[in-house]
Amino acid sequence: MSELLSGARNLHLRKRCAAEKRFRRIGAAAVGSALTALALLLGSVLWQGLPAFLEHRVLLEVALDEGVIDADGTRDPGLMGEANYAGLLKNALLAHFPEVSSRREKRELAALLSSGAAYDLRERVLAEPALIGATISFEALLSDEADAFLNDLGSRELPETERQIGDAQIAWLDALAGRSLVRRAFAARFLDSGDSREPELAGVWGAAAGSFWTLLTTLALSLPLGVAAAIYLQELAPRSRWTDLIEVNINNLAAVPSIVYGLLGLAVFLGFFGLPRSAPVVGGIVLALMTLPTIIIAARAALRAVPPSIREAALAVGASDVQTIFHHVLPLAVPGILTGTIIGMARALGETAPLLMIGMVAFIVDVPGGPLDPATALPVQIFLWADSSERAFVARTSAAILVLLAFLVLMNLTAVLLRNRFERRW
Amino acid sequence: MQFLTKISAQGLCVFYGEKQALFDVNLDIPKHRVSALIGPSGCGKSTFLRCVNRMNDVIEGCRVEGKLALDGEDLYAEGVDVVELRARVGMVFQKPNPFPKSVYENVAYGPRIHGLANTRAELDEIVIRSLERAGLFGEVKDRLHDSGTSLSGGQQQRLCIARAIAVSPEVILMDEPCSALDPIATARIEELIGALRESYTIVIVTHSMQQAARVSQTTAFFHLGRVIEVGETAQIFTDPREAKTRDYITGRFG
């Protein structure tokens, strides 16, 4: 025993054990640092993005003066819609501060409210014209500057010139807060409205809908085309110099930078075919071209992985080539094809560059209702907001990233569930 | 004794690319008998078998010369429909390869694609009859809708036999059907082969000399791509004419 583990052998054994331990530690450290980086990233996005999901409102007693809203008593929605609701809100706010008298002060006071508050009030009145003449309690949205101040009360210590909000405005906000009129609430408008120049009114839904229509087009084009191409190349095409050449080219296409596809889309689909600019359908086509090689490669690998014994079994009972493929080989390859598709779609979802080239970077307020409406996409929206000067867009940028990630998780989850349904043992 | 010839090969040569696998094979397979093909690995017996239902077609670079006829019709003539041929010539493989579907679907697949059953009841009948003939029905009648891959190895192989006979073939080719099975499962398959001989012409490739002696009536000995000797099984195993055959069956090589 002692001879066995003595001398050179013993030394060798200890060295080997030490090397294994060392390598294990290096591996664990690598995984640990990757996880830390991910946690830091997600943590900071979450921390910065959360304020965008909340907004501050002030409770006002608004007198819905019939003389202002509907002087002639016609109850015509067109006329009622043009009334000066901002003025009504301003008066309601002024009622709290009788000492404010100069025009400049009045304007500063009114600037505490978002322009969106007047739209909200108009909606309320148009939905319920019976309210005209009454005085209602109304939660008016505060402006992004006021919201930012309330989110970070410490900023009052800064000199006035370094703040977005004046000393007088801070005093008014404090007074309103002192009367328990300021309330923080969930900002549904961030999730259900389109883009806006006003950060507190800007929502992510327009971009999400744009992404949805774009990806729908991408999926509808790239999945059938990709699978058909993969089946032909893998199962039916005779091996020749041509198929080898095609294979090499497909592998190369998978590595082409995405902006090149954008240039192609600009030149061919917009320039030559005259398709509409900024439309999800064009974005979808361009992204489908980009995704195709990924899907073809994944689908071919999945088809190749189906055991040859299954093919032989089907052929031997007299199934034709096409029957063998569609009854036996393809169903077994579906999980692999889905995995490849989801990788391609996830890449397409996060793609910005090619969409910039085809005009999906425009400022679009309306939520697109179909693949032909002008739209932008989530990553492009993130890019646009990150580029904006208003402070409040910082939180919206992070929040939009969170929405993009949620979109991605949802897509992956669907794919995993589908894959589990199709997974079969052999 | 003279038997009707079911399959007849004349001057059959097979090439895999540059490599020749069969050299001028002349072999008659008699009808309604079990013919065993024996020989060392790589001697071409599986290649011959796969020529009969043209499974070699799927192998890249495979070329067949000479004549191979089923009931006198050349299998490699132009205009022969491979799919129709494979419905007439079934095959059972070395490793059991049921489809990853239910037991029922495994057997029903062939009749369904060939349109052998018009109603569900007819299909049920074909499935049950095929499973009965394969000696499997009693064991699986309560789990017809369980996966075929959940059966034991021997049951899977009998399922594959049931799948092959469900399309009513004339010939069944078996490529070492018992090499992945234990002795008990092997015995059941051999029994089954004996019972199926009445209705089908069976060609079996085997590495087990005992198996060839037990199940077959005719034996052909292949060596290096040539048929060395063909004859009644009893004669081949007791009184081989060729020295090479004698060496092989006595275990001196191979």
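Chain order of the listed sequences is A and B. Counting from 1048, one number per residue, gives the positions in the first sequence under the numbering used here. Counting from 145, one number per residue, gives the positions in the second sequence under the numbering used here. Just so you know, even glycine gets a beta-carbon here, dropped at the ideal spot from N, CA and C. Predicted model, so just to flag it, every value in this text is computed and none were measured.
Check: At the level of alpha carbons, what is the spacing between residue 1116 of chain A and residue 1313 of chain A?; Outcome: 49 Å
Check: Counting pairs of Cβ atoms below 8 Å between the region 157–168 of chain B and the region 362–373 of chain B, do you hit three or more?; Outcome: yes
Check: Measuring straight from C-alpha to C-alpha, what distance separates residue 1228 of chain A and residue 1179 of chain A?; Outcome: 23 Å
Check: For residue 1092 of chain A, I'd like the list of residues in its chain whose CB is within less than 7 Å of its CB, leaving aside the five on either flank, ordered along the chain.; Outcome: 1445, 1448, 1449
Check: In this structure, what does DSSP give as the bridge partners for residue 246 of chain B?; Outcome: B:291
Check: Any heavy atom of the ligand FMN closer than 6 Å to the CB of residue 332 of chain B?; Outcome: The ligand FMN is absent from the structure shown, which contains no ligand whatsoever.
Check: Would you list, in sequence order, the uninterrupted beta strand (DSSP E) runs of no fewer than 3 residues that lie entirely inside the region 1227–1264 of chain A?; Outcome: 1229–1233
Check: May I ask you to report which of helix, strand or coil DSSP gives residue 1410 of chain A?; Outcome: coil
Check: Between the Cα of residue 173 of chain B and the Cα atoms of B:194, B:163, B:149, B:155, which residue gives the shortest distance?; Outcome: B:149
Check: Under three-state DSSP, which class holds residue 237 of chain B?; Outcome: coil
Check: Counting Cβ pairs closer than 8 Å, one from the region 1092–1102 of chain A and one from the region 1072–1081 of chain A, do we hit at least three?; Outcome: no
Check: According to DSSP, is residue 179 of chain B part of a helix, a strand, or is it coil?; Outcome: strand
Check: Can you tell me which residues form a DSSP beta bridge with residue 163 of chain B?; Outcome: B:160
Check: What residues from chain B crowd round residue 1366 of chain A, counting only those whose CB sits closer than 7 Å?; Outcome: 257
Check: With burial defined as no fewer than 16 other Cβ atoms inside 10 Å of the residue's Cβ, what is the status of residue 162 of chain B: buried or exposed?; Outcome: exposed
Check: Just how far apart, CA to CA, sit residue 988 of chain A and residue 1305 of chain A?; Outcome: A query on residue 988 of chain A cannot be resolved here, the shown segment of chain A reaching from 1048 to 1473 and no further.
Check: To the nearest angstrom, report how far apart residue 229 of chain B and residue 1365 of chain A are at their CA atoms.; Outcome: 8 Å
Check: Starting from residue 353 of chain B, trace the alpha helix (DSSP H) both ways and give me its first and last residue.; Outcome: 353–359
Check: So is residue 1428 of chain A in contact with chain B if we call contact Cβ pairs under 7 Å?; Outcome: no
Check: Using beta carbons (cut-off 7 Å, strictly below), is residue 1281 of chain A in contact with chain B?; Outcome: no
Check: Answer yes if the region 381–391 of chain B comes into contact with the region 194–208 of chain B, meaning at least three C-beta pairs across the two stretches below 8 Å, and no otherwise.; Outcome: no
Check: Thinking C-beta only, is residue 306 of chain B closer than 7 Å to residue 324 of chain B?; Outcome: no
Check: What residue ranges within the region 1150–1192 of chain A form continuous alpha helix (DSSP H) runs of no fewer than 4 residues, ordered along the chain?; Outcome: 1150–1157, 1162–1174
Check: Do three or more CB pairs link the region 1413–1429 of chain A to the region 1339–1352 of chain A at distances below 8 Å?; Outcome: no
Check: Can you list, in chain order, the residues of its chain with a C-beta nearer than 6 Å to that of residue 1345 of chain A? Leave out the 5 residues immediately preceding and following it.; Outcome: 1387
Check: Tell whether a beta-carbon distance below 7 Å holds between residue 1404 of chain A and residue 1257 of chain A.; Outcome: no
Check: Compute the distance between the beta-carbons of residue 1190 of chain A and residue 1161 of chain A, then report whether it is under 7 Å.; Outcome: yes
Check: Looking only at DSSP bridge pairs, what is residue 171 of chain B linked to?; Outcome: B:153
Check: I'd like the ranges of any alpha helix (DSSP H) spanning at least 4 consecutive residues and lying wholly in the region 1280–1318 of chain A.; Outcome: 1288–1300, 1305–1311
Check: Starting from residue 186 of chain B, follow the alpha helix (DSSP H) in both directions and report where the run begins and ends.; Outcome: Run containing residue 186 of chain B: none; DSSP gives neither H nor E here.
Check: Distance cutoff 7 Å, beta carbons only. Does residue 1360 of chain A sit that close to anything in chain B?; Outcome: yes
Check: Would residue 347 of chain B pass as a contact of residue 190 of chain B if the rule is Cβ separation under 7 Å?; Outcome: no
Check: Measuring only between beta-carbons, confirm whether residue 162 of chain B sits less than 7 Å from chain A.; Outcome: no
Check: Count the CB pairs spanning the region 288–305 of chain B and the region 320–335 of chain B that are closer than 8 Å, and state whether there are at least three.; Outcome: yes
Check: Could you work out which residue in B:340, B:185, B:311, B:255 is closest to residue 234 of chain B when comparing CA atoms only?; Outcome: B:311
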